[in-house]
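If you read the sequence shown in this note's numbering, its first letter stands for residue 176, the second for the next number, and so on. For every residue, glycine included, the Cβ atom is placed at its ideal position computed from N, Cα and C. Read the structure below first, then the notes.
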Amino acid sequence: MEIQTLHITNGDSITERLQELKLVSGDFMIWREMLCEGPTEIKIEHDSSIKKRKSFLKKYYRISNTNYNQKFVTELQKLNNIEAYDEIILWFEYDLFCHMNMFAAINLLLRKKLNKIPIYLVCSGQIENSQKYLGLCELSDLQLKLHFENKILLNLNDLELASHIWTLYCESNPQKIAGQIKVNSSFNYLPLCLRAHLQRFPNMLTGLNVLEHNILEMVNTHQIKNIKQLMGYSLEYQGYYGYGDMQMKRVLARLFQFLDQTKERLQLSERGKLALQQKKNFYNTQMLEWYYGGVKKYDYLYNNETHNLLKL
Numbered sequence: 176m177e178i179q180t181l182h183i184t185n186g187d188s189i190t191e192r193l194q195e196l197k198l199v200s201g202d203f204m205i206w207r208e209m210l211c212e213g214p215t216e217i218k219i220e221h222d223s224s225i226k227k228r229k230s231f232l233k234k235y236y237r238i239s240n241t242n243y244n245q246k247f248v249t250e251l252q253k254l255n256n257i258e259a260y261d262e263i264i265l266w267f268e269y270d271l272f273c274h275m276n277m278f279a280a281i282n283l284l285l286r287k288k289l290n291k292i293p294i295y296l297v298c299s300g301q302i303e304n305s306q307k308y309l310g311l312c313e314l315s316d317l318q319l320k321l322h323f324e325n326k327i328l329l330n331l332n333d334l335e336l337a338s339h340i341w342t343l344y345c346e347s348n349p350q351k352i353a354g355q356i357k358v359n360s361s362f363n364y365l366p367l368c369l370r371a372h373l374q375r376f377p378n379m380l381t382g383l384n385v386l387e388h389n390i391l392e393m394v395n396t397h398q399i400k401n402i403k404q405l406m407g408y409s410l411e412y413q414g415y416y417g418y419g420d421m422q423m424k425r426v427l428a429r430l431f432q433f434l435d436q437t438k439e440r441l442q443l444s445e446r447g448k449l450a451l452q453q454k455k456n457f458y459n460t461q462m463l464e465w466y467y468g469g470v471k472k473y474d475y476l477y478n479n480e481t482h483n484l485l486k487l
């Protein structure tokens with residue numbers, strides 16, 4: 176009897192590639208969300224959660240309710256008949272963007288009492304003989320095949336940890352997440368992702384977070400001609416965030432006060448120099464109603480010496 180498999184993938188690109196290569200058999204559910212940004216609820220399938228996500232995505236990313244229904248809600252409904260499958264394979268990557276989506280998916284699967292069905296993980300990231308971390312679609316055909324053959328069977332501790340982290344993310348105390356960084360699990364990139372998440376909160380000295388600081392550092396260090404080129408640099412060297420064009424465009428837009436465009440190049444404004452040198456705090460100029468899960472970004476400050484969050 177043939178095993179019935181459900182593949183939960185992190186996007187259209189890898190889904191199409193797997194189908195073209197005929198590497199796997201089974202059904203696909205595409206997880207088209209960006210739960211690492213905006214307000215979230217633990218039970219993502221509930222009407223209140225869907226309404227909250229629609230409102231956020233429409234306001235900040237101009238994603239219509241109709242588009243959200245077609246791209247995500249319809250896909251989510253595929254899990255209503257999840258008991259028809261013998262195994263589930265998760266296809267996610269090493270970054271924070273993917274991990275938060277994956278944790279939400281695992282939380283939902285556990286609430287559907289699926290802990291007795293084998294759940295596997297195919298996760299790309301560090302590749303032998305490569306200094307760059309690779310996404311699933313950046314893998315060669317052979318590397319993708321090997322990743323699939325070496326997929327990880329997640330044990331109950333792994334699944335419960337992922338579900339627990341998702342619950343903590345949706346709550347209002349991000350300090351609890353710091354306690355999960357050193358927990359052993361099959362999620363090799365979990366510590367890096369959780370630390371990256373904590374570093375998204377504003378630095379207590381400048382009011383900018385680590386990613387924003389690093390972008391200013393790039394402008395100061397490299398001969399970057401314009402915002403378009405800076406976008407390319409920012410996407411390429413963002414670390415463990417996994418942000419796409421839409422998200423990075425928002426990050427850059429909030430940094431305009433720290434930048435000056437000359438005929439030759441993009442450079443730091445006086446404000447940018449003060450921020451980079453940590454000589455002035457710009458917290459009050461950066462504040463907005465922005466959520467990471469269940470907490471407002473500007474309700475906490477990050478201490479880069481102790482790596483702890485301080486509640487205002």
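So Y260 is in the beta strand (DSSP E); what residue range does that whole segment cover?
Premise fails: Y260 is in no beta strand (DSSP E) and is neither H nor E.
Could you compute how far the alpha carbon of S239 sits from the alpha carbon of K246?
10 Å
How should R237 be labelled, buried or exposed, when 16 other C-beta atoms within 10 angstroms of its C-beta is the threshold for buried?
exposed
Just to confirm, are Q453 and L380 a CB contact at a threshold of 7 Å?
yes
Tell me which residues share the same chain as N330 and place their Cβ nearer than 6 Å to its Cβ, disregarding the 5 neighbours each side in the sequence.
none
My output table needs one value for E268: the three-state DSSP class, helix, strand or coil.
strand
Counting Cβ pairs, one atom from each stretch, are 3 or more of them under 8 Å apart for the segment 332-341 and the segment 445-462?
In the pairwise beta carbon analysis, the segment 332-341 is classified as not touching the segment 445-462: fewer than three pairs are separated by under 8 Å.
With which residues is F203 paired in a DSSP beta bridge?
H182
Measuring CA to CA, which of G186, L232, S224, Q179 is closest to W266?
It is G186 whose Cα lies nearest to the Cα of W266.
Using three-state DSSP, classify V358 as helix, strand or coil.
coil
Taking the beta strand (DSSP E) that L296 belongs to, which residues open and close that run?
294-299
Alpha carbons only, please: which of N401, I302, K424 is nearest the one belonging to Y364?
I302
Where does S315 land, buried or exposed, given buried means 16+ other C-beta within 10 angstroms?
exposed
Could you name the residues of the same chain whose beta carbon sits closer than 6 Å to that of L309, not counting the 5 residues immediately before and after it, in chain order?
S299, I302
Per-residue DSSP class, three states only, for K291
The answer is coil: DSSP assigns K291 none of H, G, I, E or B.
Should L181 and A279 be called a contact, given that it needs their Cβ atoms to be closer than 7 Å?
no
Using the C-alpha atoms, what's the distance from E439 back to Q398?
9 Å
When burial is assigned at 16 or more other CB atoms within 10 Å of the CB, is F457 buried or exposed?
Buried, by the Cβ-count rule.
Among F376, N384, L451, which one has its Cα closest to the Cα of N395?
L451
Of all the options G468, M406, L485, which has the alpha carbon lying nearest to the alpha carbon of G419?
M406
With which residues is I327 paired in a DSSP beta bridge?
L296
L380 in three-state terms, based on DSSP
coil
Endpoints, the alpha helix (DSSP H) within which Q350 is located
350-353
In three-state terms, what does DSSP make of L198?
coil
Less than 7 Å between the C-beta atoms of S409 and M421, yes or no?
no
Test item: CB-CB of L441 and L430 under 7 Å:
No, Cβ-Cβ distance for L441 and L430 is not below 7 Å.
Is it right to say H322 is buried, meaning 16 or more other beta carbons lie within 10 angstroms of its own, or is it exposed?
buried
Could you name the residues of the same chain whose beta carbon sits closer than 7 Å to that of L196, not counting the 5 residues immediately before and after it, in chain order?
D316
Could you pull the start and end residues of the beta strand (DSSP E) that L485 belongs to?
Counting along the chain, the beta strand (DSSP E) containing L485 begins and ends at 483-486.
Where Y418 falls: helix, strand or coil (DSSP)
coil
Ends of the beta strand (DSSP E) at D435?
434-436
Proximity to G201 [Cα-Cα], best of Y243, D261, I219, K234
D261
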